[in-house]
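Numbering (our numbering), first residue to last: -6 to 161. A virtual CB, placed ideally from N, CA and C, is assigned to each residue, including glycine.
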Amino acid sequence: MERTKLDQLFLQTVAFFQNDPDQIQHFVKVHGFAAHIGRLEGLTDREQFTLEAAAYVHDVGIPPANRKYGSCNGKLQEQEGPPVATELLASLDFPPEVTRRVAYLVGHHHTYTDIDGMDYQILVEADFLVNLYGGHTPREQIEATGRNLFKTAAGKRILSEMFGVELQ
């Protein structure tokens, strides 16, 4: 049942980002990394479900921020995303506690202090794995990001092997 809800959310999020293949590619990649890291780190079924839902919808604040402010910086995404995420999950009858946590994660995924929970940590790491690649980031910045923000063993391993960096 939970897999079916995630599949429905995937399709809803594709429809939400219709005609924006870059954004669809982005959230699919973030979801893939998040799902793998979550499993490798041994999340509970509920934590994994919540993490995967958040990974699909983490950037839904971009279109409303662009419409309202002509910008979609991280803080505006965090501000505009939670109501959209809540609406998407509610339309698919996600459990209220999952919907609340996903909205929280969407509203904080560009805030890298006071990370509370493995789902939050993994979402941040997965988003960075995709963004660091897409931005052709300098090696020094990748290493610094890994040392300063990555906490999970799986996330560190993926970052290190993907970019050939040392995190010691």
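Within 9 Å, strictly: CB atoms of residue i and residue j
i: Phe10; j: Ile17; result: yes
i: Thr94; j: Ala28; result: It is Arg, not Thr, that sits at residue 94 in the sequence shown. No, these two residues do not count as a Cβ contact at 9 Å.
i: Leu142; j: Val23; result: no
i: His102; j: Glu71; result: yes
i: Lys81; j: Val53; result: Contrary to the premise, residue 81 reads as Leu rather than Lys in this sequence. Cβ distance < 9 Å, so Leu81 and Val53 count as in contact.
i: Leu4; j: Phe42; result: no
CB-CB length for residue i against residue j, believed under 8 Å
i: Met111; j: Glu45; result: Wrong, their Cβ atoms sit about 13 Å apart, outside the cutoff.
i: Ile135; j: Gly31; result: About 22 Å; that fails the 8 Å criterion.
i: Val162; j: Ala83; result: Limits of the chain in this structure are -6 at one end and 161 at the other, which puts residue 162 out of reach.
Outcome for residue i when other beta-carbon atoms lying within 10 angstroms are tallied against a minimum of 16
i: Glu118; result: buried
i: Pro75; result: buried
i: Asp107; result: exposed
i: Glu34; result: buried
i: Leu152; result: buried
i: Thr104; result: exposed
i: Thr145; result: buried
Alpha-carbon spacing of residue i relative to residue j, whole angstroms
i: Tyr62; j: Ala137; result: 31 Å
i: Val158; j: Arg132; result: 7 Å
i: Tyr126; j: Phe20; result: 14 Å
i: Val91; j: Asn66; result: 26 Å
i: Phe87; j: Gln1; result: 11 Å
i: Phe156; j: Ala96; result: 31 Å
i: Asp109; j: Thr6; result: 25 Å
i: Glu(-5); j: Pro89; result: 14 Å
i: Gly100; j: Ala8; result: 21 Å
i: Asn59; j: Lys68; result: 12 Å
Simplified DSSP state of residue i, which is helix, strand or coil
i: Asn12; result: coil
i: Leu92; result: Rather than Leu, the amino acid found at residue 92 in this sequence is Thr. Here Thr92 sits in helix by DSSP.
i: Leu(-1); result: helix
i: Phe26; result: helix
i: Asn59; result: helix
i: Thr43; result: helix
i: Leu81; result: helix
i: Val53; result: coil
i: Ile115; result: helix
i: Phe20; result: helix
i: Tyr35; result: The question names Tyr, but residue 35 in the sequence shown is Gly. If DSSP states are grouped into helix, strand and coil, Gly35 belongs with coil.
i: Asn66; result: coil
i: Glu159; result: coil
i: Phe143; result: coil
i: Asp86; result: coil
i: Ile135; result: helix
Residue-level contact to chain D via CB, residue i, 9 Å cutoff
i: Pro57; result: No chain D appears in this structure, which consists of one protein chain only.
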